[in-house]
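With this note's numbering applied, the sequence shown covers -16 to 345.
This report concerns only the one structure given below.
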Amino acid sequence: MKITDIRIGLISVPLKTPFKTALRTVNSVEDVIVEIYTDTGNIGFGEAPPTGVITGDTTGAIIGAIKDHISKTIIGMDIENFEEIILRLDKCVVKNTSAKAAVDIALYDLYGQMYKAPLYKLLGGYRKEIVTDITISVNEPEEMVKDSLDAIKRGYETLKIKVGKDSIKDIERMKAIRKAIGYDVKLRIDANQGWKPKEAVKVLRQMEDAGLDIEFVEQPVAAHDIEGLKFVTDNISIPVLADESVFSPEDALKILQTRAADFVNIKLMKTGGIHNALKICSMAEIYGVECMIGCMLEAKVSVTAAVHLAAAKSIITKIDLDGPVLCSEDPVDGGAIFNESIITLENTPGLGIKGIQGLKYI
Ligand code: MG
């Protein structure tokens, strides 16, 4: 199965409501789609969102990395030499994890198609159904209460609340939400680097004292501040999850060795795809640290790849793959089936994606 061509397209999918975090506000998913063509007629699909504020990867940068570096390196190679292709993909350009992830995902799709097996089965096949949380954007407390109650009505048993914009108001927000929803629903919070270390400890201790029963806090401090992250982890009893601090397997190793966080959040757009994500899973197993799998604002192609990985690996115990359910339409034919919190995989080879509507080739 030789790679004959790589085509790039853009999709635009409106969100149901604006997505607001401590870092940004977004109204629609505008992603780069990769199609890898082969001499057998098989097509591998991949996707990357331009999340400049987190990965540094803009639309132009993703397209440039694929056209100028990756395509030139891997066109003509055979999917049977999978390890060789993946190693070359990793080395042909530094950083650019989103572009690499899009191509890595499409390559794994072809790998599954070549062996006529669903990807999750090739990677471990631990389960075929997973349950995701849903994100509640940062807004005025009343609006967040309304959004939380609405999500619970739709069947979500875990809510991920975005905080980190204003620490005093964050406590008010969390108290209002917990009071409205009771204690049967799990609450995890994501500060998206919004606090300073001492501020984080102060806010989180107040949340502990208020009995808000927070499952864990995600990325309380700046991505580069590993000492600050460890300071928070060591000084509160709420578990801490490292997200923006962990891109590569090397980043994960540093967090694991220093115990700077209690959990690690894997996102394919940070790792550069499934190949490196598997390395993080293996290291986390060695250290006995559970992983979450998350996504950026992504449509169903790349999130389907994350679902396959999550379904394959037992060390991934927390799922935050709500990208597709935040979208108001689904341009992808096939792939994982998203029914609110329940995500299931079918027995189709690779990612199981048949095509994408409304794709604008460039
Ligand atoms: Mg996060």
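All C-beta atoms, glycine included, are put in the ideal place defined by N, C-alpha and C.
The structure displayed is predicted, hence computed values, not measured ones.
Just the Cα atoms here: how many angstroms apart are I219 and D(-12)? Near 52 Å, if we compare the C-alpha coordinates of D(-12) and I219.
Could you tell me which residues DSSP pairs with E18 in its beta bridges? DSSP, once it has assigned bridges, lists R(-10), F28 as partnering E18.
Rounded distance between the beta-carbons of S131 and A163, thought under 8 Å: Taking the Cβ atoms as the reference, A163 lies roughly 7 Å from S131, within the contact range of under 8 Å.
Mind checking whether the beta-carbon of D173 lies closer than 7 Å to any heavy atom of the ligand MG? yes
Below 8 Å on the Cβ atoms is my contact criterion, and I expect I276 with A295 to pass it. Report the Cβ-Cβ distance as a whole number of Å. Between A295 and I276 the Cβ distance is about 11 Å, and since that is not below 8 Å, they are no contact.
Run the proximity test for G317: is its beta-carbon closer than 7 Å to any non-hydrogen atom belonging to the ligand MG? no
Taking one C-beta from the stretch -6 to 8 and one from the stretch 60 to 71 each time, how about it: are there three or more such pairs within less than 8 Å? no
Going by alpha carbons, who is nearest to V272 out of V12, T254, I339, Q240? Q240
Which partner residues does F214 have in the DSSP bridge list? Answer by DSSP bridge pairing: none, since F214 is not bridged.
Comparing alpha-carbon positions, which option in K111, S150, I19, E233 lies nearest E182? Ranking K111, S150, I19, E233 by Cα distance to E182 puts S150 first.
8 Å Cβ shell around A134 - same chain, five flanking residues per side excluded: Excluding residues within five positions, the ones whose Cβ falls inside 8 Å are I117, I119, L142.
Tell me, which residues are paired with E112 by DSSP? Its beta-bridge partners are T327.
Tell me the residue span of the beta strand (DSSP E) that contains F321. Under the DSSP assignment, F321 falls in the beta strand (DSSP E) whose first and last residues are 320 to 322.
With Q96 and P332 assumed to form a contact (beta carbons below 8 Å), what rounded beta-carbon distance in angstroms separates them? 5 Å
The alpha helix (DSSP H) with A295 in it runs from where to where? 283 to 295
Would you give the residue range spanned by the beta strand (DSSP E) that D316 belongs to? 315 to 317
Just to confirm, does D153 get its C-beta within under 7 Å of one of the non-hydrogen atoms of the ligand MG? It does not: the Cβ of D153 is nowhere closer than 7 Å to a heavy atom of the ligand MG.
In chain order, what residues of the same chain have a beta carbon less than 6 Å from the beta carbon of T254, not counting five sequence neighbours either side? A260
Closest Cα partner of R110 within the set Y94, E329, E281: E329
Shortest alpha-carbon distance to R137 belongs to which of A267, T115, A82, D245? T115
For I374, the three-state DSSP class (helix, strand or coil): Here the chain comprises residues numbered -16 to 345, so residue 374 is not present and cannot be evaluated.
Local conformation of A206 per DSSP, three classes: coil
With DSSP as the reference, label E280 as helix, strand or coil. Before going on, a small fix: residue 280 reads as Leu here, not Glu. Here L280 sits in coil by DSSP.
Ignore the nearest five residues each way along the sequence and tell me which others in D316's own chain have a CB closer than 6 Å to its CB. K337, G338
F2 beta carbon less than 8 Å from that of L399: The displayed coordinates of the chain run from -16 to 345. Any statement about residue 399 would go beyond what the structure contains.
Mind checking whether the beta-carbon of E201 lies closer than 7 Å to any heavy atom of the ligand MG? At least one heavy atom of the ligand MG is nearer than 7 Å to the Cβ of E201, so yes.
Checking 8 Å against the spacing of the C-beta atoms, do A282 and I257 come in under that value? no
How should A193 be labelled, buried or exposed, when 16 other C-beta atoms within 10 angstroms of its C-beta is the threshold for buried? exposed
Could you tell me the distance, in whole angstroms, from the CA atom of L72 to the CA atom of L6? 30 Å
Can you tell which of V247, Y20, P101 has its C-alpha closest to the C-alpha of H291? Measuring from the Cα of H291, the nearest candidate turns out to be P101.
Does the distance from the C-beta atom of M(-16) to that of L93 stay below 8 Å? yes
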